[in-house]
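Worksheet: the structure to be examined is printed underneath.
In our numbering, the protein residues as written are 1 to 159.
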């Protein structure tokens, strides 16, 4: 398994390393790339934990959680949301002008080319009470104050 971590987020990289070691018992090997570090781990059981893995692009094949994976996500939805946003999302400041007055507010996005992954994310956001919408066919936006407050509490900025 390989996970590319942007060098600008050392805390996320440390969490990846800790998770790989906790799950597999192996340390991550690293390879420096331009602006990121590729973390790799060889373990024969990775395909058991990620049965969705397969040949080709993930947005061209079905991505469905196995029953045991759904139980974990249902039991621990916030770490799942946090992981998805920290991997394929962002926290941004939205700047708008309404009737001449300037407003700045935090907004979250999650983008993925896989409709299945977007659907899984949307279902989990629904379960935790986060209002969301598609702002593009491949992107989810969370902008309502109450929902952003939930994400601030459970996800927060990347570090």
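C-beta atoms are modelled at their ideal positions from N, C-alpha and C, and glycine is treated no differently.
- With contacts defined as CB atoms closer than 9 Å, residue 91 and residue 102 fail to qualify as a contacting pair.
- Look at the beta carbons and you see the segment 71 to 90 touching the segment 105 to 122: at least three pairs across the two are nearer than 8 Å.
- The residue among 53, 87, 4 with its C-alpha nearest the C-alpha of residue 29 is 4.
- A direct Cα-Cα distance of roughly 22 Å separates residue 158 from residue 22.
- Note that the C-beta distance between residue 142 and residue 134 is not below 9 Å.
- Beta-bridge pairing by DSSP links residue 112 to no other residue.
- For residue 40 and residue 112, the gap between their C-alpha atoms comes out near 22 Å.
- A contact is defined here as three or more CB-CB pairs under 8 Å, and the segment 57 to 67 fails this definition with respect to the segment 78 to 94.
- Shown here, residue 38 sits in a strand according to DSSP, grouped into three states.
- For residue 136, the enclosing beta strand (DSSP E) stretches over residues 133 to 136.
- When DSSP reads this structure, residue 32 sits in a beta bridge with 37.
- Residue 67 and residue 54 have their C-alpha atoms spaced approximately 18 Å apart.
- Cβ neighbours of residue 20 within its own chain (closer than 6 Å, five residues either side excluded): 28, 41.
- If you draw a straight line from the Cα of residue 13 to the Cα of residue 6, it comes to about 8 Å.
- It is roughly 8 Å from the alpha-carbon of residue 116 to the alpha-carbon of residue 59.
- Contact between residue 77 and residue 127 holds: CB atoms are separated by about 6 Å, below the 8 Å threshold.
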